[in-house]
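Below is one structure; the comments refer to it alone.
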Amino acid sequence: MAFEFTPENRTKFDAILTRYPVKRAAMLPALWLAQRQHGWISQEVMEYVGSLLGLSAAKVYEVVTFYTMFHLKPIGKYHFQVCRTLPCQLVGAEAISSHLEKKLGVKIGETSADGRFTLSEVECLGSCGTGPMLQLNDDYHENLTAEKLDALIASLS
């Protein structure tokens with residue numbers, strides 16, 4: 004089935020376009036809107052967004068693969084994104100990733116069979132003074148320890 008925006012999201016997209024004198028400059032907010040609707044960026048989504056902006060799916064793919072905020076496959080309800088850059092690594096990010104692998108039962112880059120958890124490592128999330136840290140869906144969790152992770156996982160419904 005081909006992707007297209009819902010009527011509500013098409014209205015939002017049209018409003019986004021008014022803020023950009025060059026249509027292709029609206030690619031990031033258009034992709035974000037599409038991902039919010041679809042859950043991930045499929046080939047159909049790339050083709051659709053490209054057609055709206057007058058770009059090839061290949062150009063859209065270049066952008067999607069550059070940014071870690073875009074997902075090329077479905078992700079779990081809870082997406083744990085552990086910062087893996089040097090400041091976080093120096094204060095224990097590797098141990099955080101290992102702990103999450105054990106607690107969630109998935110390896111880095113995988114989604115649990117029940118679709119509940121996805122675990123990823125990402126580049127800098129811009130919270131270098133509070134590492135190790137991760138982003139869970141849209142929220143930052145900082146100064147992490149195994150105990151804080153256990154409490155965080157237990158709090159998820």
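Under our numbering, the residues of the sequence shown are numbered 4 to 160, in order.
In this text, a Cβ means the ideal position worked out from N, Cα and C, and glycines have one as well.
Is it true that the CB of residue j sits closer than 7 Å to the CB of residue i?
| i | j | result |
| --- | --- | --- |
| K80 | R27 | no |
| P135 | A96 | yes |
| L128 | Q138 | yes |
| M49 | V63 | yes |
| V52 | L34 | yes |
| T133 | E150 | no |
| T88 | E126 | yes |
Cutting at 8 Å between CB atoms, please list the residues of its own chain near residue i, excluding the five before and the five after it.
| i | result |
| --- | --- |
| L107 | F83, S115, F120, L122, I156 |
| L36 | F8, N12, K15, F16, I19 |
| E113 | T121, L122 |
Quick check on the DSSP output: the beta strand (DSSP E) that includes residue i runs from which residue to which?
| i | result |
| --- | --- |
| V25 | Run containing V25: none; DSSP gives neither H nor E here. |
| V125 | 120–125 |
| H144 | 142–144 |
| C131 | Run containing C131: none; DSSP gives neither H nor E here. |
| L137 | 137–139 |
| H74 | Taken as a continuous stretch (DSSP letters only), H74 belongs to no beta strand (DSSP E), as it is neither H nor E. |
Closest by CA to residue i, which one among the options?
| i | options | result |
| --- | --- | --- |
| G85 | W43, H74, S101 | The sequence given here places Val at residue 85; Gly does not occur at that position. Considering only alpha carbons, the answer is S101. |
| Y70 | I44, G57, S54, Q92 | I44 |
| I99 | E47, L147, Y23, M49 | L147 |
| G57 | Q40, V25, P77, H74 | V25 |
| I78 | K105, C91, Q38 | Q38 |
Can you list, in chain order, the residues of its chain with a C-beta nearer than 6 Å to that of residue i? Leave out the 5 residues immediately preceding and following it.
| i | result |
| --- | --- |
| V66 | M30 |
Could you pull the start and end residues of the alpha helix (DSSP H) that residue i belongs to?
| i | result |
| --- | --- |
| F69 | 60–69 |
| V85 | No alpha helix (DSSP H) holds V85; the beta strand (DSSP E) holding it covers 81–86. |
| V109 | Premise fails: V109 is in no alpha helix (DSSP H) and is neither H nor E. |
Can you tell me whether residue i is buried or exposed? The criterion is at least 16 other CB atoms within 10 Å of its CB, across all chains shown.
| i | result |
| --- | --- |
| L55 | buried |
| L103 | buried |
Among the residues of its own chain, which have a CB less than 7 Å from the CB of residue i, if the five just before and after it don't count?
| i | result |
| --- | --- |
| A154 | none |
| N140 | Y81, H82 |
| S59 | G53 |
| L93 | none |
Is residue i near the ligand COA, going by C-beta to nearest heavy atom under 6 Å?
| i | result |
| --- | --- |
| V125 | Among the components of this structure there are no ligands whatsoever, and the ligand COA is therefore not found. |
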